[in-house]
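Just so we're aligned: 1194 in this note's numbering is position 1 of the first sequence, and the numbers increase by one with no gaps anywhere. Each remark here refers to the structure printed beneath this line.
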Amino acid sequence: MLGVKEQLEVIRRGTVEIIPEEELIIKLEVSIKENKPLRIKMGFDPTAPDIHLGHTVGIRKLKQFQELGHLVVLIIGDYTGMVGDPSGRSETRPQLSYEEVRKNAETYQKQFFKILDKKKTEVHFNGEWFSKMSFQEIMHLASKFTLARILERDDFAERYKEQSPISLHELFYPIMQGYDSVAIKADLEIGATEQKFNLLTARQIQEEYRVPPQVILTMPVLPGTDGVQRMSKSLGNYIGIDESPEEIFGKIMSIPDELIYPYFELLTDIPPAELRKIKKELEGKEVNPMEWKKRLGSEIVKLYHSQKDAEKAQAEFEKVFSKKELPENIPVKELSYSEKQVWTPYVCTASGIATSTSQAVRLIEQGGLYIDNERVTDVNKKIEVDGKEHLFKAGKRTFYKIILKYNP
RNA sequence: GGAGAGGUUCCCGAGUGGCCAAAGGGAACAGACUGUAAAUCUGUCGGCUAUGCCUUCGGAGGUUCGAAUCCUCCCCUCUCCA
């Protein structure tokens, strides 16, 4: 095991706050002396079926702890998931059914171990303890908190001020999360900055239950590909770790320049010295930021796929978007018609290029549709049903090879 | 339980009998410029081969030639009183 100082250096990378840091130092000292790993907790609500880069900020920190010899304890919030964490939200989350949560939890576990070492990980569902809790116990737990304290929380305060609804069950979220820390005796919990309140609440609950309070470590909230809002599935600005190399690379290329450095820092294993170099070059505008973005894209693809995939994804990107050539794999669609000719928008909807004929008509009117490299200018254009393959390009990035079969 | 305010298209929000598929902004999409960056500019932004028709303004009914707008009942949210 490394010394306290060395461990702290790794632990601090990319973190926002460690509270209280002195306690962490003591815990580390004890851990080294007794050769006993710390229990590092992080919770997840399986509210969507997959993990995106936003989640990996914390998971990667967990991984660093594992590399330092500590034990990761993952909490899958099957019960809290049903409540829905209101953190960072201005509205009540839809409550998920138990089945949905369980199903998502499965894919989560698979994805966790793309990053984490299974041998140094403990996984718990918080239903393990919550499903057994009596109403009496719940009331007891709830009695330890006052409304005023819970309402201190940013998002509650905000919503209260704006007179938007806050459901009672949401108030339980921090308490439940805190109780998780009691149940698994966490030494340290990692969460995004918006989790600060929940993380701190856990300390109080742990003390209430006479368990040594956890140290809390917060990580920045990762902005999504739009560069404005937090990365989240529902906002559509996310990059999933299960996405294809091309998708991941392409999405990275579309992020705003300001995100390049934070993404490097939070999402890659690039060593600190190089990180400083990147920062300097980006600030000094010495290179075209695009070059660093390509590097970023390939680093990230490498983590979730392979070096080879990363190279391929980059080559493909340059081919399609820099040289304006055709992508490697274009989906082929076969459609059959009983007429000899079809109105173009119909082909667009049938193939999935557009969701409605109105949309297809607009696409054509705006000059966004190309068939066999020729821009379609006439909305009324009909296509011959000739059984041959035609190349459809809609917008910048949608390609289809479409075969129209005559089938009277 | 009482009094008041409110629920509008993906989101915010205007609209209080016809000029409303519904202002404005955001998001999104397409085009121009580019580095599939940002910024900017232009256009589109419910559906239907459509100078028209259909569906939409919390829900269900009703008044009217005509309703997001008026009436009745119901559901939901917020504020104050208890």
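Even for Gly, the Cβ is constructed at its ideal location relative to N, Cα and C.
Quickly, what does DSSP pair residue i with across the bridge? List them, please.
i     : result
S1529 : K1598
R1232 : L1264
T1411 : E1210 and G1384
H1245 : G1433
T1314 : V1265
V1535 : I1576
R1253 : Its beta-bridge partners do not exist; DSSP assigns none.
P1416 : R1423
F1612 : Beyond the ends of the chain as shown, which are 1194 and 1601, falls residue 1612; an answer cannot be given.
What whole-angstrom Cβ distance do residue i and residue j have, given they're in contact under 8 Å?
i     : j     : result
A1395 : G1371 : 4 Å
L1393 : I1383 : About 13 Å; that fails the 8 Å criterion.
G1320 : Y1272 : 5 Å
F1237 : Y1301 : 6 Å
N1430 : T1411 : The Cβ separation is near 21 Å, so there is no contact.
D1380 : L1246 : Contact flag wrong, Cβ pair sits at about 27 Å.
I1576 : V1535 : 5 Å
V1513 : D1502 : With a Cβ gap of about 16 Å, V1513 and D1502 do not count as contacting.
K1574 : T1537 : 5 Å
I1188 : V1572 : The structure shown does not extend to residue 1188, since the chain is modelled only from 1194 through 1601, so no value can be given for it.
Y1530 : V1578 : 5 Å
G1420 : E1451 : 6 Å
A1241 : K1470 : Contact flag wrong, Cβ pair sits at about 36 Å.
Q1167 : I1368 : Limits of the chain in this structure are 1194 at one end and 1601 at the other, which puts residue 1167 out of reach.
Please report the straight-line C-alpha distance between residue i and residue j, rounded to a whole angstrom.
i     : j     : result
I1225 : E1315 : 20 Å
Y1593 : F1585 : 5 Å
E1210 : K1254 : 13 Å
P1520 : Y1456 : 27 Å
S1549 : R1555 : 10 Å
K1337 : I1343 : 11 Å
F1349 : Q1200 : 36 Å
A1506 : D1435 : 15 Å
Y1402 : P1465 : 40 Å
N1522 : E1509 : 10 Å
E1467 : G1477 : 15 Å
G1251 : H1333 : 32 Å
A1587 : K1444 : 18 Å
P1601 : L1528 : 13 Å
R1488 : L1261 : 27 Å
A1547 : E1330 : 54 Å
N1297 : G1433 : 14 Å
K1234 : S1374 : 8 Å
Y1454 : V1414 : 14 Å
L1377 : H1317 : One point to set straight first is that residue 1377 is Ile, not Leu, in the sequence displayed. Approximately 9 Å between the Cα atoms of the pair.
H1263 : Q1399 : 21 Å
E1504 : W1485 : 15 Å
L1267 : L1562 : 48 Å
K1472 : P1449 : 15 Å
R1206 : F1323 : 34 Å
T1461 : Q1257 : 12 Å
M1326 : G1270 : 15 Å
D1492 : G1580 : It should be pointed out that residue 1492 corresponds to Glu in this sequence rather than to Asp. E1492 and G1580: Cα-Cα distance of roughly 43 Å.
T1386 : R1346 : 12 Å
Taking all protein chains shown into account, decide if residue i is buried (16 or more other Cβ within 10 angstroms of its Cβ) or exposed.
i     : result
E1363 : buried
F1390 : buried
P1405 : exposed
Y1497 : buried
E1439 : buried
V1276 : buried
V1540 : buried
G1490 : buried
G1196 : exposed
T1249 : buried
F1328 : exposed
K1312 : exposed
V1223 : exposed
A1341 : exposed
Q1388 : buried
I1645 : The requested residue 1645 does not occur in the structure, where the chain is confined to residues 1194 to 1601.
R1352 : buried
F1306 : exposed
V1294 : buried
Q1602 : Absent from the structure is residue 1602, since the part of the chain shown begins at 1194 and ends at 1601.
P1358 : exposed
Report the start-end ranges of each alpha helix (DSSP H) in the region 1459 to 1519 that is 4 residues or longer and not cut off at the edges. 1465 to 1477, 1482 to 1497 and 1500 to 1510
Minimum length 4: unbroken alpha helix (DSSP H) runs contained in the region 1540 to 1600: 1550 to 1558
Continuous alpha helix (DSSP H) assignments of at least 4 residues falling wholly in the region 1329 to 1358: Runs of the alpha helix (DSSP H) inside the region 1329 to 1358: 1340 to 1344 and 1347 to 1354.
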